[in-house]
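In the working numbering, the protein residues as written are 1241 to 1877.
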């Protein structure tokens, strides 16, 4: 019988200072993958941005160094260098003590995104070393740390300067952040976003190893942001800037309608992206819905017998960026990640500012107003058609429709949406193999015939006319568009399984576009996947190896005697025998699945528009610069 250690008072360990961060880094930065690594940079960058938001400085310089470290500098006030009441120097306290910072003292920061005070010290705790140079009070001071927060060199004066600001260089602990490195494009995208939000900000970003440099500065702020997001789309009206201040809350919004069928609303509070929305988004949606209904009724576009536009009608084709500055005393985020604004005062403020500004705009720009409202009318008609189709799907299809669907779908035996999986495959040949390879208890197979409709250029009405899309809608069973309800899905996993060739990649893109445009919650709730069938099978005696990329196959074959190897190159799923397909691609215990997720709404919207829209050149440029077919844990739109 196994012995267990006595559990008593001596079993309770208190982790002192930064030791707790090193012991459980995920509690402080979410994860120790690439996302967590970049969180370290965001913590230091957010401190720079808080200085600029509050009127101190206008420039942030970032350099990715060749050794894996990163340097982040601003021209703000500089961290205070005096002696702290604890007896330590103030920079030592800031960079080694959790919950220490200037944002807890009223008056230091009128507006701030970082209120938890753990940022700089957490970065230090998860770094091999950190070097901080401070320009303030006419002096240049420096302090160095090692081994996750130990003082390697106490604060000392190293020169004199009239400059002000703080420069932080740190080397992440790559034993904690295994197989990760800072991404120039990831940081570039984040900093471009910050430059859009802060008109006075200039960002200079450099990758020393690759000699890459970019500079971001946008005099027109949110207007430039919306222009950037809509540059590959056909717009209906000029960008509408909205500004107002009520009850100490400053509201800045820019919005524009396009001829697309999708809404893109990005919201920020004190430069922090509120990915999960919150009270400010609710106020925006309420205000914009109310004013357009009032305008449509006041101008006879909606008759007395007509029902109102609902929110989805009003927001179809809308691109909007909402940026609030909320005083610290009113600021409430829900959760450590600050993804949702909880400040109740924000809702009525934003609603009133939006209503008043749009009322004036619509009265002064009748031509644009009519064009926008007509688009809403079309959306209302399509929404009602979609709802009718969903109700028909729930009630049961006609015998003809049911027979057509049964000819295509091979359903699982169980009717358990919590475990069932749907494999969407291209063609009857692949479908036949997949049916033989599946676990019939919980896996269904739906073969598609040919390439589906490009839904980037279609509305819901067009989608319903496409037989393959209609079949998918009925199989998944949760509706479509704004009527899609994730609670009604028939499958826990919807898995796209296509050939590993150009046609297969194109079909993947078409399917991803459809799900992104018309079933986005399927992605947001983590139910959409891509299967990874192998490219090669190599047999050496009784040993069987499968390879998913050309590079892996070539590396394996370098030192092998090709005469003793039986190599099979799979040109399609239909060429695979059922057992290899089952083992490599369909069996949960041995397959590789890529979960599709959305990491950035603005980038996702832009990339889908570029890759699936009508304009060819941006698509060519993006593919040439970015496409690298390699196996990743997540497929990020």
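The beta carbon of each residue, even a glycine, is placed where N, CA and C say it ideally should be. Nothing here was measured: the structure is a model prediction, and the numbers come from that model.
Alpha carbon of residue 1744 to alpha carbon of residue 1668, nearest angstrom = When rounded, the distance between both Cα atoms is 14 Å.
message = I want to know whether the segment 1680-1689 touches the segment 1651-1669 - three or more CB-CB distances under 8 Å.
response = They touch, by the three-pair rule.
query = For the ligand COA, any of its heavy atoms closer than 7 Å to the Cβ of residue 1760?
reply = Ligands displayed in this structure: none; no statement on the ligand COA is therefore possible.
inquiry  = Would you call the segment 1289-1299 in contact with the segment 1375-1389, where contact means no fewer than 3 C-beta pairs closer than 8 Å?
reply    = With the cut-off at 8 Å, the segment 1289-1299 and the segment 1375-1389 do not touch.
query = Expressed to the nearest angstrom, what Euclidean distance is found between the alpha-carbon atoms of residue 1702 and residue 1572?
reply = For residue 1702 and residue 1572, the distance between alpha carbons rounds to 43 Å.
Continuous beta strand (DSSP E) stretch holding residue 1559: start and end = For residue 1559, the enclosing beta strand (DSSP E) begins and ends at 1558-1565.
ask   = Looking at C-alpha atoms only, which residue of 1798, 1496, 1336 and 1423 is the closest neighbour of residue 1303?
value = It is 1423.
ask   = Would residue 1474 be called buried (16 or more neighbouring beta carbons within 10 Å of its own) or exposed?
value = Classification of residue 1474: exposed, given that the 10 Å Cβ count is below 16.
message = Using a Cβ-Cβ cutoff of less than 6 Å, which residues in the same chain neighbour residue 1495 once the five nearest sequence positions on both sides are dropped?
response = Here residue 1495 has 1480 and 1560 as same chain residues with Cβ atoms under 6 Å from its own Cβ, once five neighbours each way along the sequence are excluded.
query = Contact between the segment 1518-1536 and the segment 1455-1462: three or more CB pairs below 8 Å?
reply = With fewer than three CB-CB distances shorter than 8 Å, the segment 1518-1536 does not count as touching the segment 1455-1462.
inquiry  = If we require 3 or more residues per run, which beta strand (DSSP E) segments fall completely within the segment 1708-1769?
reply    = Runs found: 1733-1737.
inquiry  = Quick check: the Cα distance between residue 1648 and residue 1711, rounded to an integer number of angstroms?
reply    = For residue 1648 and residue 1711, the gap between their C-alpha atoms comes out near 8 Å.
message = Between 1544, 1522 and 1510, which has its C-alpha nearest residue 1565's C-alpha?
response = Of 1544, 1522 and 1510, the residue nearest in Cα terms is 1510.
ask   = With 16 other CB atoms within 10 Å as the buried threshold, where does residue 1771 fall?
value = Of the residues assessed, residue 1771 falls on the buried side of the cut-off, its CB having 16 or more other CB atoms within 10 angstroms.
key: Where residue 1530 sits in the DSSP three-state scheme   = Reduced to three states, the DSSP call for residue 1530 is helix.
query = With respect to the beta strand (DSSP E) encompassing residue 1392, which residues constitute its N-terminal and C-terminal limits?
reply = Here the beta strand (DSSP E) through residue 1392 covers 1390-1400.
Rounded Cβ spacing between residue 1388 and residue 1258 (contact assumed at less than 8 Å) = About 6 Å separates the beta carbon of residue 1388 from that of residue 1258, a gap short enough to meet the 8 Å contact definition.
Rounded separation between residue 1260 and residue 1266 - CA only = Taking the straight line from one Cα to the other gives about 11 Å.
key: Residue interval of the alpha helix (DSSP H) (run including residue 1573)   = Where residue 1573 is concerned, there is no enclosing alpha helix (DSSP H), given that its DSSP letter is neither H nor E.
query = Which value, in whole angstroms, describes the spacing of the CA atoms of residue 1672 and residue 1813?
reply = Rounded to whole angstroms, the separation of the alpha carbons of residue 1813 and residue 1672 is 10 Å.
ask   = Does the distance from the C-beta atom of residue 1462 to that of residue 1563 stay below 8 Å?
value = Contact flag set, yes.
key: Per-residue burial, residue 1583 [other beta carbons within 10 Å of its own, 16 or more giving buried]   = Residue 1583 is buried by the Cβ-count criterion.
query = Where do the ends of the alpha helix (DSSP H) carrying residue 1434 lie?
reply = Counting along the chain, the alpha helix (DSSP H) containing residue 1434 begins and ends at 1424-1437.
Cα-Cα separation, residue 1764 to residue 1722 = In this structure, the CA atom of residue 1764 is about 14 Å from the CA atom of residue 1722.
inquiry  = Here's the rule: buried if 16 or more other CB atoms are within 10 angstroms of the residue's CB, otherwise exposed. What is residue 1447?
reply    = Residue environment for residue 1447: buried (at least 16 other C-beta atoms within 10 angstroms of its C-beta).
Short Cβ contact (8 Å threshold) for residue 1730 with residue 1717 = In this structure, the beta-carbon distance from residue 1730 to residue 1717 falls below 8 Å.
key: Inter-residue CB distance, residue 1677 and residue 1818 (contact presumed, cutoff 8 Å)   = Between the beta-carbon of residue 1677 and that of residue 1818 there is about 4 Å, and that keeps the pair under the 8 Å contact cut.
key: Test item: CB-CB of residue 1597 and residue 1523 under 8 Å   = With contacts defined by Cβ atoms closer than 8 Å, residue 1597 and residue 1523 do not form a contacting pair.
key: Minimum length 4: unbroken alpha helix (DSSP H) runs contained in the segment 1510-1554   = Runs found: 1519-1538.
key: Alpha-carbon spacing of residue 1694 relative to residue 1715, whole angstroms   = Spanning the two alpha carbons is a distance of roughly 19 Å.
query = Do you know offhand how far residue 1449's Cα is from residue 1309's?
reply = Rounded to the nearest whole angstrom, the C-alpha separation of residue 1449 and residue 1309 is 11 Å.
request  = Can you tell me the Cβ-Cβ gap for residue 1324 and residue 1426, rounded? I've got them flagged as a contact below 8 Å.
outcome  = Rounded, the Cβ-Cβ distance is 35 Å, inconsistent with contact.
Per DSSP, cross-strand counterpart(s) of residue 1475 = Looking at the DSSP assignment, residue 1475 forms a beta bridge with 1498.
inquiry  = Which of the three DSSP states is assigned to residue 1661 in this structure?
reply    = For residue 1661, the three-state secondary structure derived from DSSP is strand.
task = Can you have a look at residue 1897 and say buried or exposed, based on whether 16 or more other CB atoms are within 10 angstroms of its CB?
result = No information on residue 1897 is available, as it lies outside the stretch 1241 to 1877 that the chain covers here.
query = In whole angstroms, what is the alpha-carbon distance linking residue 1344 and residue 1831?
reply = Legend: pLDDT at residue 1344 = 38, less than 50; position of this residue unreliable, no value from coordinates given.
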